[in-house]
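A.B. asks: Residues 1 to 312, numbered by UniProt numbering, are exactly what the sequence shown covers, in order.
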Amino acid sequence: MKGPLFYSKILLFGEYGIIKDSKGLSIPYNFFKGALKSKNKDSEAAKKSNASLKAFAEYLKDLQKKDHKLVTFDLEALNKDVANGMYFDSSIPQGYGVGSSGALVAAIYDKYAIEKITVLENLTREKLLKLKTIFGKMESFFHGKSSGLDPLNSYLSLPILINSQDNIESTSIPSQNLDGKGAVFLLDSGSTGETAPMVHLFMEQMKHEGFRAMLKDQFIKHTDACVEDFINGNVKSLFGNLKQLSHVVLDNFKPMIPVEFHKLWKQGIDTNDYYLKLCGSGGGGYILGFTEDINKAKKALKGYNLEVVYNF
1 MKGPLFYSKI LLFGEYGIIK DSKGLSIPYN FFKGALKSKN KDSEAAKKSN ASLKAFAEYL
61 KDLQKKDHKL VTFDLEALNK DVANGMYFDS SIPQGYGVGS SGALVAAIYD KYAIEKITVL
121 ENLTREKLLK LKTIFGKMES FFHGKSSGLD PLNSYLSLPI LINSQDNIES TSIPSQNLDG
181 KGAVFLLDSG STGETAPMVH LFMEQMKHEG FRAMLKDQFI KHTDACVEDF INGNVKSLFG
241 NLKQLSHVVL DNFKPMIPVE FHKLWKQGID TNDYYLKLCG SGGGGYILGF TEDINKAKKA
301 LKGYNLEVVY NF
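1) Which ranges would you report for the alpha helix (DSSP H) in the region 164 to 224 if only whole runs of at least 4 residues count?
2) Rank Leu131, Leu187 and Phe142 by C-alpha distance to the C-alpha of isoleucine 160 and give the top, closest one.
3) Assuming aspartate 74 contacts tyrosine 29 (C-beta within less than 8 angstroms), just tell me the rounded distance between them.
4) Using 8 angstroms as the cut-off, can you tell me whether the region 173 to 185 makes contact with the region 281 to 293, which would need three or more C-beta pairs spanning the two stretches below that distance?
5) For a test of the three-state rule: what should DSSP assign to threonine 133, helix, strand or coil?
6) Using DSSP with H/G/I as helix, E/B as strand and the rest coil, what is glutamate 307?
7) CA-CA distance, aspartate 62 and alanine 106?
8) Could you give the first and the last residue of the continuous alpha helix (DSSP H) run that contains phenylalanine 290?
9) In the DSSP assignment, find the unbroken beta strand (DSSP E) run with isoleucine 269 in it and report its ends.
10) Quick check on DSSP: helix, strand or coil for glycine 34?
11) Using 8 angstroms as the threshold, is the region 93 to 107 in touch with the region 151 to 159, meaning 3 or more CB pairs across them?
12) Considering just the uninterrupted stretch of the beta strand (DSSP E) at residue 335, what are its terminal residues?
13) For lysine 130, is the beta carbon positioned less than 7 angstroms from some heavy atom of the ligand MG?
14) Ignoring anything shorter than 4 residues or poking outside the region 48 to 107, list the alpha helix (DSSP H) runs there in chain order.
15) Residues in its own chain within less than 8 angstroms of lysine 33 by CB, not counting five upstream and five downstream?
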């Protein structure tokens, strides 16, 4: 048995902001992927994944009991497969902000949900929201609280535009210009980040009026503008807004940026060679970078591992 492939995702814009109704834009990233498997199940990684799936199956049983109108699973088949050593074989790095648990949730829903919503039907806003709700409840097993966006992106393999928490749609983004100098890239911080503590930190900050005002008047304002610019292909305006956004994050989200990157972050803003932002909840994992000239950025970030994900 080898299930279909589910890909990682990149939330280009909207980290933290979407909790408070900013816009967001999430795109599939096909470089990393995962699938449910039951062959070659004797490796340590397979055993660890299988143990996690066993606990997840128990969690889904409880979820179904509490909310059977929302979702039901073929639990008998799931438990049988888990007992036979099924695991999630994945190249998606954990704790890197590219949706490792999201791909697993999508794979389990795809294989075991009864009366599932499929990619082939007309995906109305109601269906997208229902899927997002189901995935949010499922992924909460891994994160404590989940928006459901990562699994949604992995399941549909389409760019998703978040207008607000209850208004999402699949969208198209401008075609890549593979000869273009401009690029979105991932910068490996060399350490993993934990989502739950970072989100907790953010929620604590939200108790302060000054932080809430900054989020609304600066962070969300620039995030929304970046989403509009990116979708409409307004590159010049996009980089103006990215510079502002990168600045706001450096000033107000320092704990989410690994310490050794504070200087590099500021260097990008000062030189305009590149602009950095959080990829997912931060604290480690990948950092997202944007540049109008990838050669300049590579030179400025010499010695760091850069992975280009989009050219324009």
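Note that beta-carbon positions come from the ideal geometry of N, C-alpha and C, so glycine has one too.
All of these numbers come straight from a predicted model, not from anything done at the bench.
C.D. replies: On the basis of the data shown:
1) 195 to 205 and 209 to 214
2) Leu131
3) Not confirmed; about 30 angstroms, so no contact.
4) yes
5) helix
6) strand
7) Their Cα atoms are separated by approximately 18 angstroms.
8) That residue, phenylalanine 290, is in no alpha helix (DSSP H); its beta strand (DSSP E) goes 286 to 291.
9) Counted as a single uninterrupted DSSP element, the stretch harbouring isoleucine 269 is not any beta strand (DSSP E) but the alpha helix (DSSP H) occupying residues 262 to 271.
10) Note: glycine 34 maps to strand in three-state DSSP.
11) yes
12) Outside the displayed range of the chain (1 to 312) lies residue 335, so it cannot be described from this structure.
13) Judged by which ligands are present, the structure shown has none, so any question about the ligand MG falls away.
14) Whole alpha helix (DSSP H) segments, 4+ residues: 75 to 83.
15) Excluding residues within five positions, the ones whose Cβ falls inside 8 angstroms are Leu5, Phe6, Tyr7, Ser8, Ser90, Ser91, Ile92 and Ala103.
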